[in-house]
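In our numbering, the protein residues as written are 9 to 142.
Virtual Cβ for every residue (Gly too), placed ideally from N, Cα, C.
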Amino acid sequence: LILSILSIFGFFITIKLIPIVKEFCRRKGLCGRDINKLPSELTKSIPESLGIVVGTVYIVVVIMFQPFFFEMLGEYNAALTSILFMLYLGFGDDVLELRWSIKICLSFLAVLPLLVCYNGPTNIIVPKFFRSTL
Numbered sequence: 009l010i011l012s013i014l015s016i017f018g019f020f021i022t023i024k025l026i027p028i029v030k031e032f033c034r035r036k037g038l039c040g041r042d043i044n045k046l047p048s049e050l051t052k053s054i055p056e057s058l059g060i061v062v063g064t065v066y067i068v069v070v071i072m073f074q075p076f077f078f079e080m081l082g083e084y085n086a087a088l089t090s091i092l093f094m095l096y097l098g099f100g101d102d103v104l105e106l107r108w109s110i111k112i113c114l115s116f117l118a119v120l121p122l123l124v125c126y127n128g129p130t131n132i133i134v135p136k137f138f139r140s141t142l
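So, in structure tokens, the structure goes:
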């Protein structure tokens with residue numbers, strides 16, 4: 009029940025924050041054009057960095073969930089760190105227009121907390137048609 013209430017609270021906070029950040033992005037010039045629209049609709053500018061609002065509210069709500077998942081806190085924090093890193097990578101890409109090679113390298117770095125905290129077995133299943141070549 010508490011987790012549901014926190015989730016609904018996060019939803020309403022997100023709904024309230026999106027128009028505020030949308031206007032802020034427009035004033036700061038963080039807008040683009042939707043190239044998949046008809047030519048008559050291309051004049052409308054769309055804020056690019058609104059994912060930061062949803063992501064930040066998500067991170068805050070998930071951090072509030074932490075007391076309920078105390079027995080797996082290491083994995084929980086590793087997942088939060090990876091999600092947060094990718095959130096800021098997306099925002100940085102919107103603002104700085106990063107090259108694809110940099111985005112791939114930073115994506116590999118974002119997975120490191122998950123790799124470090126994982127302590128279970130790892131199995132690789134080779135497809136049947138490749139087994140004869142091994």
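Limits of the unbroken alpha helix (DSSP H) element including residue i
i: Pro55; result: Element bounds for Pro55: not the alpha helix (DSSP H) but the beta strand (DSSP E), Ser53 to Pro55.
i: Ser140; result: It is not in any alpha helix (DSSP H) - Ser140 carries neither H nor E in the DSSP assignment.
i: Tyr84; result: Leu81 to Leu104
i: Phe20; result: Ile10 to Lys36
N- and C-terminal bounds of the beta strand (DSSP E) containing residue i
i: Arg41; result: Cys39 to Arg41
6 Å CB neighbourhood of residue i in its chain, flanking five on each side removed
i: Phe93; result: Ala118
i: Ser115; result: none
Buried/exposed call for residue i, threshold 16 Cβ in 10 Å
i: Ser57; result: buried
i: Leu38; result: buried
i: Ser113; result: Note that residue 113 corresponds to Cys in the displayed sequence, not to Ser. Exposed, since its Cβ has fewer than 16 Cβ neighbours within 10 Å.
i: Pro121; result: buried
i: Val103; result: exposed
i: Val61; result: buried
Residue of the options minimising C-alpha distance to residue i
i: Leu123; options: Ile10, Leu97 and Gly82; result: Gly82
i: Leu9; options: Phe76, Trp108, Tyr66 and Thr89; result: Phe76
i: Asn127; options: Phe99, Ala86, Leu104 and Lys136; result: Ala86
7 Å CB neighbourhood of residue i in its chain, flanking five on each side removed
i: Asp101; result: Lys111
i: Gly98; result: Gly59
i: Val70; result: Leu88
Cβ neighbours of residue i in the same chain (closer than 8 Å, five flanking residues each side left out)
i: Ile67; result: Leu88, Ile91, Leu92 and Leu95
i: Val65; result: Gly18, Ile21, Thr22 and Leu25
i: Ile54; result: Cys39, Gly40, Arg41 and Asp42
i: Cys33; result: Cys39, Pro55, Glu56, Ser57 and Leu58
i: Phe73; result: Leu11 and Leu14
Assigned secondary structure, residue i (DSSP; H/G/I helix, E/B strand, else coil)
i: Arg107; result: coil
i: Leu58; result: coil
i: Leu123; result: helix
i: Gly128; result: coil
i: Ile133; result: coil
i: Phe73; result: coil
i: Leu46; result: coil
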